[in-house]
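Encoded as structure tokens, the structure appears first; notes follow it.
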Amino acid sequence: MKPTNPEYDKRSNIVHWVARIVGSLSAALFLFIGIVELISNTEPLTFEGRMIGAFGVIFIIGVLIAWWKEGIGGIVLITSAIAFGIFIYLTAGRNRLLASVLISSPFSISGVLFYLTRRKRVSSE
14 MKPTNPEYDK RSNIVHWVAR IVGSLSAALF LFIGIVELIS NTEPLTFEGR MIGAFGVIFI
74 IGVLIAWWKE GIGGIVLITS AIAFGIFIYL TAGRNRLLAS VLISSPFSIS GVLFYLTRRK
134 RVSSE
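Taken in order, the sequence shown gives residues 14 to 138; the numbers are from the numbering used here.
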């Protein structure tokens with residue numbers, strides 16, 4: 014058994030909770046916006062709306078998985094954030110790159126943090 018560094022464990026725990034908070038708040042905001050849009054919109058749902066809804070569900074599932082299995086959830090969040098960023102880039106009107114980065118970054122950040130904490134925990138065991 015390796016000796017543990019309490020300072021390292023504390024930093025790792027903080028990073029883990031930051032990933033949980035950022036991912037959960039982002040997914041909750043995404044869900045809230047989606048529900049409000051469905052309730053208030055009188056027009057039929059477009060292809061883009063369906064895709065954004067599907068990505069929202071994938072993000073929520075990724076965050077839920079990451080609460081129990083950080084590595085798998087992190088990979089789900091990273092890959093879905095990249096795919097979502099590409100989708101936003103292809104469908105955005107103006108400032109495509111900015112819109113793509115801003116909308117997908119909370120999920121990619123939390124995914125990377127989840128993945129890194131999982132790797133640190135496995136390497137320290």
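Cβ atoms here follow ideal geometry from the backbone N, Cα and C, with glycine treated the same way.
- Gly66 and Pro57 have their alpha carbons spaced roughly 14 Å apart.
- One Cα belongs to Arg134, the other to Ser113, and the distance between them is close to 31 Å.
- Taking the CA atoms as reference points, Glu61 sits about 8 Å from Thr104.
- A Cβ-Cβ separation of about 4 Å places Pro119 in contact with Ser39 under the 8 Å criterion.
- Taken in chain order, the unbroken stretches of alpha helix (DSSP H) that lie wholly in the stretch 49-124 and span 4 residues or more are 60-81 and 83-104.
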